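**Q** First to last, the protein sequences are chains G and V. Adding 53 to a residue's 1-based position in the first sequence gives its number in the working numbering. Adding 37 to a residue's 1-based position in the second sequence gives its number in the working numbering.
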Amino acid sequence: MSKGPWLDREQIMEQFDGDEELFAEIAELFIEDAPKQMTRIREAVAKGDALALNRAAHALKGSVSNFGVEAVYDLARSMEIMGDESDFQEAEKTCDALGKTLGELLREMRALIRESGK
Amino acid sequence: MGEASTAERILVVDDNAVNRRMLAAILERSGYEIAEARDGEEALEKAARFPPDLVLLDIVMPKRDGFEVCNILKERDQTRDVPIIFLSAKTEVRDKIKGLEAGGTDYITKPFSKGEVLARVRNQLRIRSLTRELIQVNQELVRKQKSLDEDLKAAAGIQRSLLPQNLPDLKNVSMSWKFLPSELIGGDIFNVLRLDADHAAIYMLDVSGHGVPSALVTVSVSQMLQIRGDHLIQDSSPCDFSPRIASPGEVLASLDREYPMERFDKFFTIVYMILDLAKGELVYSNGGHPPPLLMHLDGTVEYLEKGGTIIGLGGVLPFEQGKKSLKRGDRIILYTDGLLERRSPRGGLYGKQRFYESLIKASRAPLETMLDQVFEAVLAFGGPSGPEDDLSLLGIELHGKG
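1) Going by Cα to Cα distance, which pick from V:Leu386, V:Thr337 and V:Asp188 is closest to V:Ile397?
2) Determine which residues of the region 137-150 of chain V have a Cβ less than 9 Å from any Cβ of chain G, and write them out in chain order.
3) Run the CB neighbour count on G:Ile94, radius 10 Å, all protein chains shown included, and call it buried at 16 or more, exposed below.
4) Taking Cβ-Cβ distances shorter than 9 Å, what residues in chain V pair up with G:Asn119?
5) Pick from G:Ser131, G:Leu158, G:Glu123 and G:Gln142: whose alpha carbon is nearest that of V:Pro148?
6) What did DSSP end up calling G:Ile69 once you bin it into helix, strand or coil?
7) Output, in chain order, the set of chain G residues within a Cβ distance shorter than 7 Å of V:Ile63.
8) Name the DSSP beta bridge partners of V:Asn323, please?
9) Below 7 Å on C-beta distance, what does G:Phe69 contact in chain V?
10) Among all the DSSP beta bridges, which residues are the ones paired with V:Asn228?
11) Only counting the same chain, and skipping five residues up and downstream in sequence, which positions put a Cβ closer than 6 Å to that of V:Ala126?
12) Quick one: residues in its chain with C-beta nearer than 8 Å to the C-beta of V:Met212, no 5 flanking neighbours on either side, listed in chain order?
13) Between the Cα of G:Lys100 and the Cα atoms of G:Glu73, G:Asp127 and G:Gly136, which residue gives the shortest distance?
14) Compare the C-beta of V:Ala126 against all C-beta atoms of chain G and say whether one is closer than 9 Å.
15) Could you say which of V:Asp206, V:Gly385 and V:Ser429 lies nearest to V:Arg231 if we only look at CA atoms?
16) Classify V:Ala252 as buried or exposed, calling it buried when 16 or more other Cβ atoms lie within 10 Å of its own Cβ.
17) Just to confirm the assignment, what range does the beta strand (DSSP E) spanning G:Thr147 have?
18) For a contact meaning CB atoms closer than 7 Å, what does G:Leu82 contact in chain V?
19) Which class does V:Ala399 belong to by DSSP, given the choice of helix, strand or coil?
20) Put V:Tyr340 into one of helix, strand or coil per three-state DSSP.
21) Hey, V:Tyr296 and V:Leu262 are a contact pair by Cβ (cut 8 Å); roughly how many whole angstroms apart?
22) Near G:Asp86, what residues of its chain come up, given a Cβ to Cβ distance below 8 Å and the 5 sequence neighbours on each side ignored?
23) Which residue wins for smallest C-alpha separation from V:Ile260, given the options V:Ala283, V:Asp90 and V:Gln196?
24) As a quick exercise: from V:Ser422, V:Pro355 and V:Phe392, pick the residue whose alpha carbon is nearest that of V:Arg383.
25) Determine, for G:Ala129, whether the minimum Cβ-Cβ distance to residues of chain V falls below 9 Å.
26) Who does G:Met132 pair with in a DSSP beta bridge?
27) Is V:Pro327 close to the ligand MN? I mean its beta-carbon at under 8 Å from any heavy atom of the ligand.
28) Any beta-carbon of chain V closer than 9 Å to the one on G:Ser169?
29) Of the choices V:Arg57, V:Asp186 and V:Leu178, whose alpha-carbon is the least far from that of V:Leu124?
30) Nearest-angstrom Cα distance between V:Arg75 and V:Val106?
31) Quick check on DSSP: helix, strand or coil for V:Ser213?
32) Using only CA atoms, which one of V:Gly325, V:Leu386, V:Asp118 and V:Tyr144 lies nearest to V:Val130?
33) At 8 Å on the CB atoms, spell out the chain V contacts of G:Ala112, in chain order.
34) Mapping DSSP to helix, strand and coil, what is V:Val119?
35) From V:Pro99, V:Leu93 and V:Gly224, pick the residue whose C-alpha is nearest to that of V:Arg159; which is it?
36) Span of the beta strand (DSSP E) holding V:Glu434?
See below:
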């Protein structure tokens with residue numbers, strides 16, 4: 054599995070129309086929100102709760118889409134589909150990969166916010 | 038970053054906090070007033086309390102999805118015309134179509150880009166404000182039209198009041214009339230005036246065109262003939278103190294001077310006659326009007342053909358007078374060309390001949406019945422459509438003398 058950097062500065066600035074302040078605001082919200090969604094995903098996988106998995110993965114997918122991080126987006130989407138199809142075969146493995154990648158993304162994001170002088 | 042001129046209100050509905058905040062932050066920075074809702078229920082509640090100018094609406098949400106919220110907003114009077122932009126994932130084409138079918142005006146795909154969000158929002162708000170303006174202008178027009186219609190009805194009432202409501206009570210004379218304007222108010226008018234114990238004036242005029250301008254000219258002329266007696270009664274010579282009644286030729290000449298065509302950009306035709314009840318004599322003149330008919334009891338009919346040009350040409354020709362001795366049972370019929378020019382659905386004109394025949398056919402009936410029957414025949418000829426021109430018909434019958 055490839056490692057970061059996950060964030061493409063240029064693409065982000067295009068999406069946020071060069072508005073660094075807006076990026077910082079949304080990134081901070083994401084940093085706060087994403088771990089909660091990740092916890093819900095883990096719990097759903099542990100319990101085998103397909104509907105909860107589908108919902109939480111859908112939410113994380115939506116949030117991360119704002120930063121164009123495909124690796125996290127694709128993993129979240131896979132988990133959303135697993136929830137939809139009640140297919141837990143690969144769930145634990147995918148969940149670990151998602152958690153790891155998300156952790157790296159969040160670290161990188163924090164650094165980027167500090168760097169942009171917020 | 039362009040500030041919105043007035044704080045337009047946008048309701049952002051998305052269960053995803055990051056997405057919701059992203060949209061709200063983009064829009065707040067452009068000066069819009071924002072309310073946020075995290076599910077369908079909250080969206081409906083805020084839409085009622087906040088009332089928004091625009092709604093950004095996510096599709097997949099707990100407690101009522103976006104389609105359901107859209108349907109309910111479209112059912113409420115308050116939010117029926119509020120544009121709705123759906124928020125959909127790039128991959129879900131079917132949702133975009135379903136959203137537009139549900140009454141959504143546009144959609145924005147996730148992930149959101151700041152530029153696209155602002156462009157689509159501005160577009161929809163612009164359309165919304167133009168639509169509102171259009172609705173407002175339209176309401177104003179409807180209101181004005183209503184007031185115009187009311188004015189026109191009032192004017193028609195006034196014009197009708199100038200028609201012979203109470204025909205003068207003349208010894209041995211009965212009268213009847215029919216009038217149907219092509220629009221609410223018309224360009225025809227007629228009346229019978231008592232001048233002195235033995236004399237009555239009878240006139241009928243038809244101003245070119247119809248509607249308000251023509252009607253106003255009819256009012257002006259009829260007021261002049263009614264009030265300004267000097268047109269009817271000429272000043273006598275200095276040594277003779279008994280007033281003399283102006284002859285029909287003199288009245289028409291004076292109208293021709295008073296109403297040159299340039300004055301109102303209108304001309305008119307008129308028949309003017311003086312009935313001498315003591316002598317049983319009729320003196321008339323005609324300014325370009327269809328000739329009146331004189332019907333005798335024995336079934337013969339005469340056209341009263343003397344006269345001159347239409348009124349308004351400035352005295353190019355004199356107004357010749359005709360004189361007739363009347364017998365008991367004679368009927369004088371005045372009418373406007375609207376009757377002769379009534380068109381059948383196939384396009385033919387009613388014409389002089391049919392009019393003449395309809396009068397003969399009904400001549401045995403009492404005067405009022407005769408006029409009713411002739412008028413009915415003329416109307417029936419034109420089929421179900423209303424008249425294209427004003428229709429006037431006036432009849433006078435002599436009982437005494439002869």
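C-beta: ideal position from N, C-alpha, C; glycine also. Predicted model only: the values in this text are computed from it and were never measured.
**A** Let's see:
1) Looking only at V:Leu386, V:Thr337 and V:Asp188, the smallest Cα-Cα distance to V:Ile397 is reached by V:Thr337.
2) Lys147, Pro148, Phe149 and Ser150
3) Of the other Cβ atoms in all chains shown, 16 or more fall within 10 Å of the Cβ of G:Ile94; this residue is therefore buried.
4) Val55, Asn56, Met59, Lys147, Pro148 and Phe149
5) G:Glu123
6) Note that residue 69 of chain G is Phe in the sequence shown, not Ile. In the structure shown, the three-state DSSP call for G:Phe69 is coil.
7) Leu75
8) Looking at the DSSP output, V:Asn323 shares a beta bridge with V:Val308.
9) Simply Lys151.
10) Beta-bridge pairing links V:Asn228 to V:Tyr240.
11) Excluding five sequence positions before and after V:Ala126, the CB atoms of its chain that fall closer than 6 Å to its own CB belong to Lys147, given in chain order.
12) Pro201, Leu204, Val229, Leu404, Leu431, Gly432, Ile433 and Glu434
13) G:Gly136
14) yes
15) The option with the nearest alpha carbon to V:Arg231 is V:Asp206.
16) Under a 10 Å Cβ-count criterion, V:Ala252 is classified as buried, with 16 or more other Cβ atoms of the shown protein chains found around its own Cβ.
17) G:Thr147 -> not in any beta strand (DSSP E); alpha helix (DSSP H) instead, spanning Ala144 to Glu168.
18) Ala54, Val55 and Arg58
19) coil
20) strand
21) Their Cβ separation, rounded to whole angstroms, is 12 Å, which puts V:Tyr296 and V:Leu262 out of contact at 8 Å.
22) Ser116
23) Note that residue 260 of chain V corresponds to Gln in the displayed sequence, not to Ile. Nearest of V:Ala283, V:Asp90 and V:Gln196 to V:Gln260, Cα basis: V:Gln196.
24) Considering only alpha carbons, the answer is V:Ser422.
25) no
26) Answer is none; G:Met132 lacks a bridge partner.
27) Among the components of this structure there are no ligands whatsoever, and the ligand MN is therefore not found.
28) no
29) It is V:Arg57 whose Cα lies nearest to the Cα of V:Leu124.
30) 12 Å
31) strand
32) Selected option, being the one with the closest Cα: V:Tyr144.
33) Per Cβ cutoff of 8 Å: Asp52 and Asn53.
34) coil
35) V:Leu93
36) Leu428 to Leu435
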